[in-house]
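Chemist: Residue numbers (UniProt numbering): 1 to 319.
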């Protein structure tokens, strides 16, 4: 083997050893040290190439002598190095790392939590749950309105009565009694008008009274004020454990659309000199002033569950 062949053989061995060394360095390099390691590898490769070129040049010089033009200058060595170095050469390890980086999915920016929106969503979900629970509970509850109406319909059928609808407002009791007076009492009926009522009306006697809802309110309130002892038991306020002031009570009842009840039924039964009966579901018919037979009985029906506004009175007419 010639001297030049020996040099080339040694160069190949050195290149192989250097390549193995570079591969090991790159595999062990951390991400933060990768650039530094790559630069060091390139420097080692460059130094080896320069060394090998110089050795080959010296070997050629020994073979051809020191002929003109055969001088090896640093410029020529650099030019030769650039010619031997592929422009597009890519280290296999760098190429593998680059491919992995390109194939890795780009991390998406994490969205900021909207806690206010989450709270609103939770609250809406809780409201929806409560509505569902209420609807389920309502579906399982007895239909008191239907039960009450069915019971009253059957009682009216047996007694040959018709439920005459009265507008459901604060005047319903007085409007029902007014309908009964117009239906069951005749012009020759005699009434016991309070003395204080005679002072606020131009009627000469009961036959001259033009009954109305407001007239009935005034009649009831005047009678209550003239006979306070008869109504004290009905005016006891359980909330305050005291008796309501009769003057304040009757003023409100007479001048507003406040609902009337047991007190006003009793007062008007006395004024109209008749019994006023109240038909109810699940209970016996309630008769007020039952012993009074001077004038025909007035018939009402009471509802507890059938109307959205609450308790209500209607008039009962004969079939």
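Glycine included, C-beta positions come from ideal geometry on N, C-alpha and C.
#1: If the criterion is Cβ atoms closer than 8 Å, does the pair residue 156 and residue 149 meet it?
#2: Taking the beta carbon of residue 158 as the centre, do at least 16 other beta carbons fall within 10 Å, making it buried, or is it exposed?
#3: Output the distance between the C-alpha atoms of residue 228 and residue 191, rounded to the nearest integer angstrom.
#4: Short of 6 Å in beta carbon distance, which residues of its chain neighbour residue 68, apart from the five on each side in sequence? Order them along the chain.
#5: Hey, how far is the Cα of residue 45 from the Cα of residue 60?
#6: Under DSSP, the alpha helix (DSSP H) around residue 163 begins and ends at which residues?
#7: Who are the Cβ neighbours of residue 286 in its own chain at under 6 Å, not counting the five residues just before and after it?
#8: Between the beta-carbon of residue 185 and the beta-carbon of residue 296, is there less than 8 Å?
#9: May I have the straight-line CA-CA distance separating residue 146 from residue 134, to the nearest angstrom?
#10: Along the chain, where does the beta strand (DSSP E) containing residue 314 start, and where does it finish?
#11: Determine the contact status of residue 153 and residue 164, defining contact as a CB-CB distance below 8 Å.
#12: I'd like to check one pair, residue 260 with residue 316: are the Cβ atoms closer than 8 Å?
#13: State yes or no: is the C-beta of residue 169 within less than 8 Å of the C-beta of residue 269?
#14: With H, G and I counted as helix, E and B as strand and the rest as coil, what does DSSP make of residue 60?
#15: Do residue 220 and residue 267 count as a contact pair if the criterion is CB distance below 8 Å?
#16: Ends of the alpha helix (DSSP H) at residue 271?
#17: Which first and last residues belong to the beta strand (DSSP E) in which residue 300 is found?
#18: According to DSSP, is residue 176 helix, strand or coil?
#19: With DSSP collapsed to three states, give me the class of residue 279.
#20: So what does DSSP say about residue 237, is it helix, strand or coil?
#21: How long is the line joining the alpha carbons of residue 255 and residue 248, rounded to whole angstroms?
#22: Looking only at its chain, what residues have a beta carbon closer than 6 Å to the beta carbon of residue 319, apart from the 5 residues adjacent to it on each side?
#23: Considering only DSSP beta bridges, list what residue 287 is partnered with.
#24: Do you know how far the Cα of residue 188 is from the Cα of residue 204?
#25: Any idea which residues DSSP pairs residue 243 with across the strands?
#26: In three-state DSSP terms, what is residue 121?
#27: Throw me the rounded Cβ distance for the residue 151 and residue 281 pair, which I believe falls under 8 Å.
#28: To the nearest angstrom, how far is the alpha carbon of residue 212 from that of residue 225?
#29: Can you tell me whether residue 320 is buried or exposed, with buried defined as 16 or more other CB within 10 angstroms of its CB?
#30: Comparing alpha-carbon positions, which option in 29, 195 and 217 lies nearest residue 263?
#31: Given a cut-off of 8 Å on the beta-carbon distance, is the pair residue 48 and residue 14 in contact?
#32: Taking the straight line between their C-alpha atoms, what separation do you get for residue 193 and residue 251?
#33: If the criterion is Cβ atoms closer than 8 Å, does the pair residue 305 and residue 144 meet it?
#34: Is the beta carbon of residue 26 sitting closer than 8 Å to the one on residue 41?
Modeler: Straight from the coordinates:
#1: no
#2: exposed
#3: 20 Å
#4: Legend: pLDDT at residue 68 = 47, less than 50; position of this residue unreliable, value from coordinates given subsequently. Same-chain partners within the cutoff: there are none.
#5: 22 Å
#6: Run containing residue 163: none in the alpha helix (DSSP H); it sits in the beta strand (DSSP E), 161-164.
#7: 278
#8: yes
#9: 20 Å
#10: 312-318
#11: no
#12: no
#13: no
#14: helix
#15: yes
#16: 262-271
#17: 298-303
#18: helix
#19: strand
#20: strand
#21: 11 Å
#22: 160 and 162
#23: 277
#24: Note on residue 204: pLDDT 49, under 50, position unreliable in the model; no value is reported.
#25: 236
#26: helix
#27: 4 Å
#28: 20 Å
#29: As shown, the chain starts at 1 and ends at 319. That puts residue 320 outside it, with no answer to give.
#30: 217
#31: yes
#32: 18 Å
#33: yes
#34: yes
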